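Start counting the sequence shown at 278; every next residue gets the next number (our numbering). We treat Cβ as the ideally placed atom computed from N, Cα and C, and that holds for glycine. In this text the structure is predicted, and so the values were computed from the model without any measurement.
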Amino acid sequence: MVFAFEPFGGASVNASLEVARRWAERDSELVVVALPVVAGVAEKLAVEAIGRVGPTLCLALGEAAPEPWEIRLERTYANEDHFRIPDNAGNQWGPRPIEPGGAAVQYSTLDLPALLGDAPVPLRVSDDAGRFLCNRLAYSLASSYPGLPLAFLHVPGWRPEHGTEKLGALVETLARIKARALQR
């Protein structure tokens, strides 16, 4: 199962959703769920989707722009909202806990260094998923489904003017990550 976000912050596309849709065209087993960039709604829909589908692997994607052309595999998810811009419903929170009284940090349940390797797009393990909806979604999923193989990945800010070759490289890299995760 793959989660990705709709456009936000005035952008016309979100690289996470573009790459997830293209990936699903190649991988008929992939279940892609597009999430709104609205705090409280995105994570609720994602938790419900996992409950319905019961996936063996969950990869959540978000866009990190501007960033170097790399995919960041996020290891930690902080129990903190601190939105530097409003979400698509106008919420701009923080600093405040996502889950009052909850664990300070949740973690990816995948061995992220084992997912690194040869890929068309460079990969890097990171310990900062930000404090916007990406972090909020990852924290909520890890808290709700502690035994589920889960990772949050930040993809670079691809736009149509970057061309389909770069989009294809992102898809190929994500496919390799999925294959490595399922081998573990």
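Among V382, L336, T386 and P426, the one whose alpha carbon lies nearest that of D405: Locating residue 405 in the sequence shown gives position 128, where the first residue counts as 1. The shortest Cα separation from D405 among V382, L336, T386 and P426 belongs to V382.
Please tell me whether L427 and E320 are closer than 8 Å, where the distance is taken between their beta carbons. Here residue 427 corresponds to residue number 150 of the sequence shown, with the count starting at 1. Here residue 320 corresponds to residue number 43 of the sequence shown, with the count starting at 1. Not closer than 8 Å, so no.
Residue of A288, A452 and A355 minimising C-alpha distance to R299: As a working mapping, residue 299 is identified with position 22 in the sequence shown. A check of alpha carbon separations from R299 across A288, A452 and A355 identifies A452 as the nearest.
Residue range of the beta strand (DSSP E) that includes S417: Locating residue 417 in the sequence shown gives position 140, counting from the first residue. That residue, S417, is in no beta strand (DSSP E); its alpha helix (DSSP H) goes L410 to S421.
Residue range of the unbroken beta strand (DSSP E) whose run includes V402: Position 125 of the sequence shown, counting from 1, holds the residue named residue 402. Unbroken beta strand (DSSP E) run through V402: L400 to S403.
Out of P377, T353, H359 and A281, which one is the CA nearest neighbour of L322? Stepping through the sequence shown from its first residue, residue 322 is reached at position 45. It is A281 whose Cα lies nearest to the Cα of L322.
Between V324 and the rest of its own chain, which residues show a CB-CB distance below 6 Å, the 5 nearest in sequence each way excluded? Numbered from its first residue, the sequence shown carries residue 324 at position 47. So the qualifying residues of the chain are S421.
Since I believe A292 is in contact with W435 (beta carbons under 8 Å), could you give me their beta-carbon distance rounded to a whole number of angstroms? Along the sequence shown, read from residue 1 onward, the residue named residue 435 stands at position 158. Along the sequence shown, read from residue 1 onward, the residue named residue 292 stands at position 15. Contact holds; Cβ gap of about 4 Å.
Could you give the DSSP three-state label for V315: helix, strand or coil? The residue given as residue 315 occupies position 38 in the sequence shown. If DSSP states are grouped into helix, strand and coil, V315 belongs with coil.
Helix or strand or just coil, what does DSSP make of A458? Residue numbering aside, residue 458 sits at position 181 when the sequence shown is read from its first letter. Helix at A458.
I'd like to know whether the C-beta atoms of V432 and L338 end up nearer to each other than 8 Å. Within the sequence shown, numbered from 1, the residue matching residue 432 stands at position 155. Within the sequence shown, numbered from 1, the residue matching residue 338 stands at position 61. Cβ distance < 8 Å, so V432 and L338 count as in contact.
Nearest to G440 (by Cα), restricted to the options G378, G331, E295 and G287: Reading the sequence shown from its first residue, position 163 is the one you call residue 440. Looking at the Cα atoms, E295 is the closest of the given residues.
Between which residues of its own chain and P284 is the CB-CB distance below 8 Å, once the five residues before and five after are set aside? On the sequence shown, position 7 is the one that residue 284 refers to. Only residues of its own chain outside the window of five on either side were considered, and among them V290, N291, L294 and V314 have a CB closer than 8 Å to the CB of P284, listed in chain order.
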